[in-house]
Amino acid sequence: MSLSSLSSLSSLIIINLENNQFPGEIPGDLGGLFQLQTLRLGFNSFAGKLSNNFLS
10 MSLSSLSSLS SLIIINLENN QFPGEIPGDL GGLFQLQTLR LGFNSFAGKL SNNFLS
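First residue of the sequence shown: 10, per my numbering; consecutive thereafter.
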């Protein structure tokens, strides 16, 4: 399962992806998970800017 595919799970409330060494950018479509209350991404290898979807 890719990180982007999580965006189709619209009822997610908590996502914990810590300690997975995911590379690259955080997919902007995760910002469309409007029920999401907790997103834990520590200890990965993400780089780049957050999409504006996360700021709304």
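From the three backbone atoms N, C-alpha and C, an ideal C-beta is built for every residue, glycine too.
Assign ILE35 to buried or exposed, taking buried as 16 or more other Cβ atoms, counted over all protein chains shown, within 10 Å of its Cβ.
Sixteen is the threshold: when 16 or more other Cβ atoms of the shown chains lie within 10 Å of the Cβ of ILE35, as they do, the residue is buried.
Kindly indicate the opening and closing residues of the beta strand (DSSP E) around ASN25.
23 to 25
LEU48: first and last residue of the uninterrupted beta strand (DSSP E) it sits in:
Residues 47 to 49.
In terms of DSSP beta bridges, what is PHE55 paired with?
GLY33
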